[in-house]
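Residue numbers (the working numbering): 932 to 1326.
Right, dumping it as structure tokens:
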């Protein structure tokens, strides 16, 4: 499909939103499962004891996983989005089957403050299946699109796209191919980008596992299980290989270290897990702002996979696993766990709220939980105020 058609698909979907979704969820306390009725803190260190001293939690919203779909993305916006200035959390759903039997993924907004706290609506849905997201230094949201099929059964190009949080119809291509074939050879498209971060210098780093193909949603990939760096202009470079399924990634607060999770344990399609495959967190030194060196294994999760990954201002690592959020030192020592009462794994997370960003928002498919900790979240991107319409434009 031509790129202009691709943007038209996204922009057209966005024009119909925000759309209030059926209230298939609720706020308040959660059902007791796994012997727990609320969030529990399992300490392995004095550092974790200090982190959770005086901690509080709130179940912002809960529902069936297929209806709520709190899966990936997890971007906090203090100034709101799409015409609503209330603080909110942006997240994306797993691929879901629409009434017309087509696969779509949705980008949703959860209001986390003010009189409408707990309200959820959809910014847009797309047949190009969206996954991870982050906030850039330019104030735009950067999304991983995994590919998919349009109404004419044509494959849609995977890649990284940016969206104006205050105008969901403003969708721009960041990068959608390593080589588009203009040199006369076969094009080399990304497999299914999964997670993305934007460095302070404006470069875009992302993981590209083959999960979408494993689930039968996209063609066989032509590239490997790699980590990429896009220079912000026109060139993409492979910065790390040797993964089974590269998944979450995050820089340390000083951007001298890059952490990448490998989740080959959950291969996607076929058998649910491969117990001998990686469920690991790796650390890399960042050299000259663009090269990775000194790859080292720093953590292996004992429950499920380390999916989403974030850091706080002190460099501690937070990663979503089957039994909740595992909190690690910067060297990968398990400090403790933030355990959730549901049966779904903690898929992704984000820090936000207020000048200290001390609230950790945790997505576990069927709920969003806010846990306030004694820390500061590392800043992500830079929000900008919505552009006010010129005088007379609203007439």
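Each residue gets a CB set at the ideal place from its N, CA and C atoms; glycine is no exception.
- Query: In terms of residue numbering, what span does the beta strand (DSSP E) encompassing residue 1177 cover?
  - Reply: 1177-1182
- Query: Going along the chain, which unbroken runs of the beta strand (DSSP E) with 3 or more residues stay wholly within the segment 1041-1123?
  - Reply: 1051-1057, 1059-1066, 1072-1080, 1090-1095, 1098-1106
- Task: Report yes or no: do three or more beta-carbon pairs, one from the segment 1211-1227 and one from the segment 1188-1198, lie closer than 8 Å?
- Result: yes
- Query: In angstroms, rounded to a whole number, what distance separates the CA positions of residue 1012 and residue 1097?
  - Reply: 5 Å
- Task: Specify the secondary structure class of residue 983 as computed by DSSP and reduced to three states.
- Result: helix
- Message: So, for residue 1155: in the same chain, excluding its five sequence neighbours on each side, which residues have a beta-carbon less than 7 Å away from its beta-carbon?
- Response: 1172
- Item | Unbroken stretches of the beta strand (DSSP E), 3 residues or longer, contained in the segment 1183-1252 | 1188-1193, 1211-1218, 1222-1231, 1240-1242, 1248-1252
- Local conformation of residue 1257 per DSSP, three classes: strand
- Message: Classify residue 1001: buried if its beta carbon has 16 or more other beta carbons within 10 angstroms, exposed otherwise.
- Response: buried
- Ordered along the chain, which non-local residues of its own chain (more than five positions away) have a Cβ less than 6 Å from that of residue 1050? 1042
- Option nearest residue 980 by Cα separation, candidates 988, 1255, 1024, 1305: 1305
- Query: Is the segment 1310-1318 close to the segment 979-995, with three or more CB pairs under 8 Å?
  - Reply: no
- Task: Assign residue 1008 to one of three DSSP states: helix, strand, or coil.
- Result: strand
- Can you round the beta-carbon distance between residue 1163 and residue 1134 to whole angstroms, since I take them to be within the 8 Å contact cut? 5 Å
- Inter-residue Cα distance where the pair is residue 1302 and residue 986: 7 Å
- Task: Can you tell me which of the three DSSP states residue 1148 falls into?
- Result: coil
- Message: Starting from residue 1139, trace the beta strand (DSSP E) in both directions and tell me its first and last residue.
- Response: 1135-1139
- How far does the beta strand (DSSP E) with residue 970 in it reach, from first residue to last? Note, residue 970: premise wrong, no beta strand (DSSP E); not H, not E.
- Query: How long is the line joining the alpha carbons of residue 1235 and residue 1252, rounded to whole angstroms?
  - Reply: 6 Å
- Message: If I follow the unbroken beta strand (DSSP E) through residue 1278, where does it start and stop?
- Response: Segment: none, residue 1278 is in no beta strand (DSSP E) and carries neither H nor E.
- Task: Using 10 angstroms around the beta-carbon of residue 1274, count the other beta-carbons present and answer buried if the total reaches 16, otherwise exposed.
- Result: exposed
- Message: One question on the structure: do residue 1239 and residue 1279 come within less than 8 Å of each other, judged by their Cβ atoms?
- Response: yes
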